[in-house]
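**Q**
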Amino acid sequence: MTRTARSIWRRPGSPISSVTVGGDSSVYASSLGQGVYRISPAGEWTCLEEGWPGGAVVNRLQMSGGVPYACTSKGLYAYRHAGWEAEDIAVPAYRLREGEAGRMIAATQYGIWCKTADGWLSWAYPEAVVYDVLYLPQFIVAGREGGLSLYDRLTGEWTDYRLAASVTGLAVFRGKLIGTGDRGQLIVGNGRGAFDVFGLGGLFVIGLIPRGRDVYACTDRGLFRLGGAGGRLTLLPVKLGFPVADADWVGDRMVLAALFGGIRSL
Numbered sequence: 027m028t029r030t031a032r033s034i035w036r037r038p039g040s041p042i043s044s045v046t047v048g049g050d051s052s053v054y055a056s057s058l059g060q061g062v063y064r065i066s067p068a069g070e071w072t073c074l075e076e077g078w079p080g081g082a083v084v085n086r087l088q089m090s091g092g093v094p095y096a097c098t099s100k101g102l103y104a105y106r107h108a109g110w111e112a113e114d115i116a117v118p119a120y121r122l123r124e125g126e127a128g129r130m131i132a133a134t135q136y137g138i139w140c141k142t143a144d145g146w147l148s149w150a151y152p153e154a155v156v157y158d159v160l161y162l163p164q165f166i167v168a169g170r171e172g173g174l175s176l177y178d179r180l181t182g183e184w185t186d187y188r189l190a191a192s193v194t195g196l197a198v199f200r201g202k203l204i205g206t207g208d209r210g211q212l213i214v215g216n217g218r219g220a221f222d223v224f225g226l227g228g229l230f231v232i233g234l235i236p237r238g239r240d241v242y243a244c245t246d247r248g249l250f251r252l253g254g255a256g257g258r259l260t261l262l263p264v265k266l267g268f269p270v271a272d273a274d275w276v277g278d279r280m281v282l283a284a285l286f287g288g289i290r291s292l
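For the sequence shown, this note's numbering begins at 27 and goes up steadily by one.
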């Protein structure tokens with residue numbers, strides 16, 4: 027194990043809820059109640075306080091165009107010029123996605139917002155909570171309160187699917203649209219124009235992390251990799267024994283937000 031990997035295990039003293047990795051291999055970590063930290067490749071922690079909105083809770087950290095973004099309870103913020111700058115989204119933000127030609131869309135407490143030449147504008151479902159949004163070749167998918175919605179990019183029309191769960195995360199695995207539910211469920215497209223919601227026997231799925239053709243599931247019992255057997259999804263254990271809230275990669279090394287156990291690497 028390298029010195030960098032050992033030092034990344036240190037934590038600032040509160041739960042680590044989200045991680046993302048910059049182009050220089052720095053790790054950015056959100057610490058509940060203590061804002062956002064940057065961990066250098068040498069393992070040094072620095073609190074990024076300049077411009078940070080007091081009392082904000084980070085829902086997700088993400089990189090886009092080499093810039094760290096924080097989706098927070100007080101809006102969307104980007105870390106530029108050694109400080110946090112507020113974007114034109116001043117409502118709670120949950121997820122940022124990037125599509126063709128760098129077009130950005132955001133999932134928020136008040137629907138989906140799209141970045142245009144005139145700034146961020148409300149685009150769809152302004153009266154609904156949208157937790158995640160996903161670009162696909164033909165569709166844009168929105169995970170929202172009480173179900174999910176598909177926007178057909180050819181017809182310009184939305185189709186809503188009511189489910190027994192709010193869809194908090196989205197990914198694609200082996201051609202199937204999958205998601206996470208607000209009570210830890212796994213949601214899977216059944217190939218018949220509908221979606222099945224599965225409880226996992228006490229296992230709570232926190233989020234889905236794609237990596238190439240693989241998808242990893244962060245859960246309250248550890249990290250799993252999705253697999254398939256007989257046409258059914260399976261969860262293959264990768265690292266168990268502690269909750270994993272989020273994950274990213276530094277090269278071939280996986281960095282885990284171990285929630286109550288700081289940051290760990292595989």
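All C-beta atoms, glycine included, are put in the ideal place defined by N, C-alpha and C.
As the structure is a computational prediction, the values presented were derived from the model and not from experiment.
Run through DSSP, which three-state label would A283 get?
**A** Three-state DSSP puts A283 in a strand.
**Q** For the 8 Å Cβ check, are there 3 or more pairs between the stretch 114-125 and the stretch 49-57?
**A** Result no; under three Cβ-Cβ pairs closer than 8 Å.
**Q** Return the first residue and the last residue of the beta strand (DSSP E) that V45 is part of.
**A** Looking at the DSSP string, the run of the beta strand (DSSP E) that includes V45 is I42 to V47.
**Q** According to DSSP, which residues form a beta bridge with P263?
**A** Partner(s): F250.
**Q** Would Q211 be called buried (16 or more neighbouring beta carbons within 10 Å of its own) or exposed?
**A** Answer is buried; the Cβ neighbour count reaches 16.
**Q** Using C-beta distances below 6 Å, list every residue in its chain close to V276, excluding the 5 sequence neighbours before and after it, in chain order.
**A** The residues are V47 and S51.
**Q** Nearest-angstrom Cα distance between P152 and A68?
**A** When rounded, the distance between both Cα atoms is 44 Å.
**Q** Taking Cβ positions, are S40 and L87 nearer each other than 7 Å?
**A** No. Outside cutoff.
**Q** With H, G and I counted as helix, E and B as strand and the rest as coil, what does DSSP make of G128?
**A** Looking at G128 - three-state DSSP - the assignment turns out to be helix.
**Q** By DSSP's criteria, V159 is part of a beta bridge. Which residues make up the other side?
**A** DSSP lists A168 as partners of V159.
**Q** Look at the alpha carbon of Y328 and the alpha carbon of T245, and state the distance between them as a whole number of angstroms.
**A** This structure cannot speak to residue 328, because the chain is shown only from 27 to 292.
**Q** Rounded to the nearest angstrom, how far is the Cβ of T194 from that of D158, given a contact under 8 Å?
**A** The Cβ separation is near 7 Å, so the contact holds.
**Q** R290: buried (16+ other C-beta within 10 angstroms of its C-beta) or exposed?
**A** Burial call: buried.
**Q** Tell me the rounded alpha-carbon separation between A271 and Q164.
**A** If I take the Cα positions, the gap works out to 30 Å.
**Q** Would you list the residues sitting across from K202 in a DSSP beta bridge?
**A** F199, per the DSSP bridge assignment.
**Q** Mind checking who G215 pairs with in its DSSP beta bridge?
**A** F221.
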